[in-house]
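Engineer:
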Amino acid sequence: MGGDLFLGPDEEPMNLGKDTDCVGMMERMVHVEELLPEICSLDCGSFNYAEGDYVYISTPNMLEKRSKEGCKR
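Each residue of the sequence shown is one higher than the last, beginning at 702 in my numbering.
Here it is as structure tokens:
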């Protein structure tokens, strides 16, 4: 979904995994804007509920920008 980060091995964490999928916040939201839902949620924060070296990234700046864009409707 555009915020997936798979860290490399312990000694080389910046050698990102092949499944890393990082794009900007606005690109992540294109499908939502196309659907025009009446309500939706904004997932706040980064989390790591998956296995291995997976982390989902959602920075405070990304959240603030997205929340302001959503309020324009």
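Where is the CB? At the ideal position from N, CA and C, for every residue including glycine.
In the DSSP output, what is GLY706 paired with across the bridge?
Structural biologist: The residue labelled residue 706 in the question sits at position 5 within the sequence shown. The residue asked about is misnamed: residue 706 is Leu in this sequence, not Gly. The partner list for LEU706 (beta bridge, DSSP) reads VAL756.
Engineer: Counting along the chain, where does the alpha helix (DSSP H) carrying LEU736 start and finish?
Structural biologist: For this step, residue 736 is matched to residue 35 along the sequence shown. Taken as a continuous stretch (DSSP letters only), the alpha helix (DSSP H) holding LEU736 covers 731 to 736.
Engineer: Contact check, LEU708 vs PRO714 under 8 angstroms by CB: the rounded distance?
Structural biologist: Here residue 708 refers to the residue found at position 7 when the sequence shown is read from its first residue. Here residue 714 refers to the residue found at position 13 when the sequence shown is read from its first residue. Going by Cβ atoms, the distance from LEU708 to PRO714 rounds to 5 angstroms, so yes, they are a contact pair.
Engineer: Considering Cα atoms alone, identify which of LEU737, GLY704, MET730, VAL731 is closest to ASP720.
Structural biologist: Position 19 of the sequence shown, counting from 1, holds the residue named residue 720. Checking every option, the nearest Cα to that of ASP720 belongs to GLY704.
Engineer: Could you tell me if MET763 is buried or exposed, where buried requires 16 or more neighbouring beta carbons within 10 angstroms of its beta carbon?
Structural biologist: As a first step, residue 763 must be located in the sequence shown, where it is residue number 62. So MET763 counts as buried.
Engineer: CB-CB under 8 angstroms to LEU717, same chain, minus the five flanking residues each way: which ones, in chain order?
Structural biologist: Indexing the sequence shown from 1 puts residue 717 at position 16. Same-chain partners within the cutoff: LEU706, PHE707, LEU708, GLY709.
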